[in-house]
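The structure appears below as structure tokens.
Numbering (full-length UniProt numbering), first residue to last: 1 to 1214.
Here it is as structure tokens:
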């Protein structure tokens, strides 16, 4: 029946009201509100024509919502339609069982009517002794029948010893009284019904030949022999224990034993019934009222009859003259052995009546041995055996190990078997269990297979057994039912089984208690097949892996040569299937690297708009689309499992779902399971962001909604067109695992594109990968690249991704008006730094920014005033700014001006960015002046960066200041003769060691053309042809000493223009340059308390800073370096002023009052700004305010610093 949660308008699965926008239009969380405000601005920045189409987009969203709801309604209707017949079939089955019971009662009654003794004077209730009874032997037979019937029914007799004859009458009278109670045995009730005289036995006991009917029997002595063991007390052929045929003497011989003289049938034709009665007579066996015997049925249905060998042997004689046998069911007759069953099976051989037999059931006949198994094998494999057999139930019968492979091969070669049940047959104990399974799966007519309770070993069914099943049965033409319950597939085996269920013709899959038996360390994942393989082709599961990789190649339209890389030894693998199966070698070993993305995928640099759709198409090809009919058939599987998480994980890693599927699973599970279902299946609806949002609304409360968003935020905000950022993934989370898969695919596509285009390898490990600094569980993993590594299913994976599309030449940044609105929204949002990061990351694909805009955007990240732990919050804000720069680095439209943005970072932050992005990708190609190099020759891109700088140095005539080379053994080489020119060639660079230097070049020697070429060659940026005037030359305060900044302040106080200061120092009629003597002479005239100590040495250091090439002369272009420092100083002042106005909501006085002190030291200054989340050079600005070098500043100095300085945006270009 359909659950209440699926009904329209009812159940907890409807969107809860608290998650909807309120009357003011606010959403559930601050992050949603921020994103809701940022997205329209970002779309406006990306497309100026978006406003006229806003209504069209709104209509499209509405249509998608309607379509999703229609699919849900369709799925509900299908569920109702499919489940209703199941209920009707159940009712029909119950009615059929009732009819069958009634027919059985009539058959038993007919049997007793046809074969009852005719000497009864009147009907005597069975088990009741009367005084006027005239037939003593019949009464004794009936009493003995009840004793056997009780034991066959499982009733323990009250007295296990031999009853005395004197107590027989009383005991049976008491028995007769008990049988009158309502709980008496059902068969006894049927036998007590009155019957006419014509319905009497036609078998006459030899003891009645000399018995006169006129005699009046006043006393009945029930003479009993020493009984044999259970179950048959009167059989000479069956049972257990020794038969003692001695008996006590009695007046009348017929009363000594039950069947002293066997029954003799009347003269009838020699049919099957006559043969059966004759066998019973010869063996002193009580006839059994089976349908096969009583009514001549074509089905020998003796399930749960408790038959012994003595009971089955007479039945064997009936097969000689039987006309047709439809079914033999001896299930649960645990006393049967090879003694009776082997003759029965032998009678079926070369028997025309049995060749058309449809069902053979020997379930739980656990005493059968090797002879019976061999007989069954012969019947299955011989053309004179059971060629028409449809169902074989051998569950519970232990198959000897030496016969298991032959047994499975006989099943596999049978032409008509449709259902095979081999539960608890010991197949798991066979070392060659995999071969047995392969032989079993060759039967193309199978529609149902039961392999439960076989306890396959770990090497067979933990992960790889399920894979063998998937490979073998994936294209089986007829199999519709599979039972693998209680086999240790582990949680990973659920992946293969569900893929098999969804992609094959299976309609029923029984897998109870199969997914809760541990996990496996290594497991083949069809949705994540990339990696290195070493296969032993003599193992079936390794051959299955190879065949599944070939199937994937066919699905992705790849050749073997394209997908299988570095194969050793080189094998010839088939590209096409033969008869639906890839024929792979069955011996030998092979190792290779499989890559399904190396030869496919879009051009990352030329087609960035296709990345999102291409990634989705790629995932759909490797995953399984869950059809509606399969989703409905999966309902009983989901409900039958106690631990539903393995099935949910299998869906998460192998299927593509829709909102309707997620809603169905949430409705089937308990209310507390719904958040888990949503979280683990959210990424499977990635084809539509609307579907993901609707799935989020299935949460039962606002707390669950926020928790799901928090754990899935990284996946929800992932953008394939701009994937560059730092990642920290928990692989046990399905969303994070899916994100890791997506990153691997994007990385491989970009690597392939770079290889095809012949681009220089600027990766960290020399493998063209964009993934850097990989850490798994805090350690460096041992793999060549993330794309070739088999992702584990759990653990903590951390890495940096520094790649993605670059802007095209001529791309315009966001308009000033739009960007200012976006900046104000972020600044005044009141969100925490991490929330700002998530919102800006989500809109990053829609906007491009200039270096100046990115600098301002980084300054909008600050610590909220109501934060309690401000120190930790400040560290968080610092990390968020690094992340934002990482995200927007490849969205810069003027990469040649990136130094404007870099200048705001401290030396420590700058080093961190170099580590994340890489020294080559983060290298300031266009403005490398004063760049500090700290590079390790053992790392590929570090070594490449040294080679680039040496080449640039040779082309520009620059030099390395203070070069140092520390060898691998720790010895230092100060490179007195300079940096070796051979280092310009990558191959001639040292293989290990550490290099440190600072790049310096005169402005007039700058080669913009060479720098632009290096930017395109090594940085993969496509910059237009640049001139010196197009570049905003900049300096970083962290690269400049405090003395240079103080000297600049002195010059700016005296001269409004720095060029005027240059001409004054050079003197009238100068040569256009400043020598060391002229500079020292001018500095002697400078009277300033900031240069009161060591004046000469400090001024010479300033001169060396300006004389970059150490020629002893400062040119006008070199003097212009102070102008770049001034631009950065003005920009820093502007940034600090804007921050204080925003932070303290009033002005500089309120900011100073917040610090509550008359004077503030440099340590207090830095701590206060850091706790507030200020982003800038606070130490350098304090040193400018502290003109007398007192170590502290007053409010007057603080106010005078801002009032006497322009707060304009420096000379930065937008």
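We treat Cβ as the ideally placed atom computed from N, Cα and C, and that holds for glycine.
None of the values given here were measured: they were computed from a predicted structure.
At which residues does the alpha helix (DSSP H) containing residue i begin and terminate?
i, result
"residue 833", "833-843"
"residue 1283", "No information on residue 1283 is available, as it lies outside the stretch 1 to 1214 that the chain covers here."
"residue 675", "674-681"
"residue 956", "940-956"
"residue 754", "734-757"
"residue 1229", "The question about residue 1229 has no answer, for the chain in this structure spans 1 to 1214."
Could you pull out every residue in the same chain whose Cβ sits closer than 7 angstroms to the Cβ of residue i, ignoring the five residues on either side in sequence?
i, result
"residue 879", "none"
"residue 594", "529, 530, 531, 533, 549, 563 and 564"
"residue 583", "574"
"residue 317", "275, 276 and 279"
"residue 156", "The pLDDT assigned to residue 156 is 47, lower than 50, so where the model puts this residue is not dependable, and the model offers no usable value."
"residue 783", "789"
"residue 439", "405, 408, 409 and 412"
"residue 14", "Because the pLDDT of residue 14 is 36, which lies under 50, any placement of that residue in the model is unreliable, and the number read from its coordinates should be weighed accordingly. Excluding sequence neighbours, residue 14 sits near nothing in its chain."
Kindly list the residues whose CB is nearer than 8 angstroms to the CB of residue i, restricted to its own chain and excluding five residues on each side of it in sequence; keep chain order.
i, result
"residue 679", "708, 711, 712, 733, 734 and 735"
"residue 722", "804, 805, 844, 845, 887, 890 and 891"
"residue 1182", "1162, 1165, 1166 and 1193"
"residue 1055", "1061 and 1064"
On the premise that residue j lies in contact with residue i, defined as a C-beta separation below 8 angstroms, what is that separation, rounded to the nearest angstrom?
i, j, result
"residue 426", "residue 398", "5 angstroms"
"residue 665", "residue 590", "Their Cβ separation, rounded to whole angstroms, is 40 angstroms, which puts residue 665 and residue 590 out of contact at 8 angstroms."
"residue 992", "residue 968", "4 angstroms"
"residue 975", "residue 963", "4 angstroms"
"residue 325", "residue 354", "5 angstroms"
"residue 300", "residue 329", "7 angstroms"
"residue 421", "residue 395", "5 angstroms"
"residue 955", "residue 1048", "So it is not a contact: roughly 31 angstroms between Cβ atoms."
In terms of DSSP beta bridges, what is residue i paired with?
i, result
"residue 1073", "1115"
"residue 359", "327 and 391"
"residue 803", "Looking at the DSSP assignment, residue 803 forms no beta bridge with any residue, so it has no partner."
"residue 697", "Paired residues: none, contrary to the question."
"residue 771", "801"
"residue 536", "589"
Thinking C-alpha only, which one of the options is nearest residue i?
i, options, result
"residue 1002", "927, 938 and 345", "927"
"residue 545", "653, 530, 559 and 557", "530"
"residue 1011", "30, 38, 923 and 842", "923"
"residue 369", "350, 390 and 334", "334"
"residue 556", "609, 592, 852 and 614", "614"
"residue 1103", "1062, 882 and 1093", "1062"
"residue 1140", "1093, 1168, 1163 and 1159", "1168"
"residue 882", "902, 894, 960 and 872", "902"
"residue 931", "746, 954 and 959", "959"
"residue 1222", "31, 37 and 32", "Here the chain comprises residues numbered 1 to 1214, so residue 1222 is not present and cannot be evaluated."
Ordered along the chain, which non-local residues of its own chain (more than five positions away) have a Cβ less than 6 angstroms from that of residue i?
i, result
"residue 763", "769"
"residue 211", "Since pLDDT at residue 211 reaches only 38, below the 50 mark, its modelled position is unreliable, and no value is offered."
"residue 841", "717 and 887"
"residue 917", "802"
"residue 761", "768"
"residue 1197", "1185"
I want to check one thing, is the minimum distance from the CB of residue i to the heavy atoms of the ligand NAD below 7 angstroms?
i, result
"residue 380", "As far as ligands go, the structure on display features none, and thus does not contain the ligand NAD."
For residue i, report the span of its beta strand (DSSP E) as first-last.
i, result
"residue 820", "Not the beta strand (DSSP E): residue 820 falls in the alpha helix (DSSP H), residues 816-827."
"residue 327", "327-329"
"residue 1183", "Where residue 1183 is concerned, there is no enclosing beta strand (DSSP E), although the alpha helix (DSSP H) it sits in stretches over 1178-1185."
"residue 725", "725-730"
"residue 286", "Premise fails: residue 286 is in no beta strand (DSSP E) and is neither H nor E."
"residue 301", "299-301"
"residue 1068", "Here residue 1068 belongs to no beta strand (DSSP E), and DSSP marks it neither H nor E."
"residue 995", "994-1000"
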